[in-house]
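**Q**
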Amino acid sequence: MDKEQIREQARLHRRELAKTTGLSFGTELARQFQANFEVRKSDFVAGYWPITNEANVKPLLAKLHDNGCTCLLPVVIARDTALLFRQWQPGDELIPSDLGISEPRTDKASGQPDILLVPLLAYDSLGNRLGFGGGYYDRTLSELRSERNITAIGIAFSGQEVDLIPNESFDQRLDWVITEAGATAFNVDRVS
Numbered sequence: 019m020d021k022e023q024i025r026e027q028a029r030l031h032r033r034e035l036a037k038t039t040g041l042s043f044g045t046e047l048a049r050q051f052q053a054n055f056e057v058r059k060s061d062f063v064a065g066y067w068p069i070t071n072e073a074n075v076k077p078l079l080a081k082l083h084d085n086g087c088t089c090l091l092p093v094v095i096a097r098d099t100a101l102l103f104r105q106w107q108p109g110d111e112l113i114p115s116d117l118g119i120s121e122p123r124t125d126k127a128s129g130q131p132d133i134l135l136v137p138l139l140a141y142d143s144l145g146n147r148l149g150f151g152g153g154y155y156d157r158t159l160s161e162l163r164s165e166r167n168i169t170a171i172g173i174a175f176s177g178q179e180v181d182l183i184p185n186e187s188f189d190q191r192l193d194w195v196i197t198e199a200g201a202t203a204f205n206v207d208r209v210s
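Converting from the sequence shown to my numbering requires adding 18 to each position, the first position being numbered 1.
1) Tell me the DSSP secondary structure of Val195 in three-state form.
2) State the Cα-Cα distance for the pair Ile119 and Asn54, rounded to the nearest angstrom.
3) Tell me whether the beta-carbon of Thr158 lies closer than 8 Å to the beta-carbon of Leu101.
4) Going straight from the alpha carbon of Arg58 to that of Cys87, what length do you get?
5) Would Glu111 be called buried (16 or more neighbouring beta carbons within 10 Å of its own) or exposed?
6) Hey, Tyr154 and Val94 are a contact pair by Cβ (cut 8 Å); roughly how many whole angstroms apart?
7) Between Pro77 and the rest of its own chain, which residues show a CB-CB distance below 8 Å, the 5 nearest in sequence each way excluded?
8) Measure the Cβ-Cβ separation of Pro137 and Gly152 and say whether it is below 8 Å.
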């Protein structure tokens, strides 16, 4: 199967997983994250505001904020560019973008993440990720990794793993995937 065929199947499958996993997902995700990752108060953690059945990271972001971390949300500046990240805290007003994604207001300070929580449609055992096909996270990870150490953690329902995702030269692999059932590290080789 090519990426588009996998993407369409994964989109339908994720919709079913979102229905069956229910409200407990966010709480379990936060618990699994805390059990597997040590985050310092000085760390900037970028999440996302979930859309179209994406795994809900809002409880995790609220917990990280309560623990003193600086939380960021992505902002789409233009197509074919890397994402920008602006600070967010619980209760902040979010504004819908042209793509229908809730983003922090323009008066919020920007920041560079140390940890990036990445939404996905599917992932494989090598850390390959399949998103919606816009390339935003691939461009962003490529740019961030050229400047600093960053940990990319895919956020998924436990049933989103597939056998193999075709990997192209511009695709960026994940360092980890975390689900409501646990966390998996990938041995990711990077070209410097």
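Built from N, CA and C at the ideal position, the CB exists for glycine as well. Computed from a predicted model, the values in this text were never measured in an experiment.
**A** The relevant details are as follows:
1) strand
2) 29 Å
3) yes
4) 7 Å
5) Of the residues assessed, Glu111 falls on the exposed side of the cut-off, its CB having fewer than 16 other CB atoms within 10 angstroms.
6) 7 Å
7) Gly44, Thr45, Leu47, Ala48
8) no
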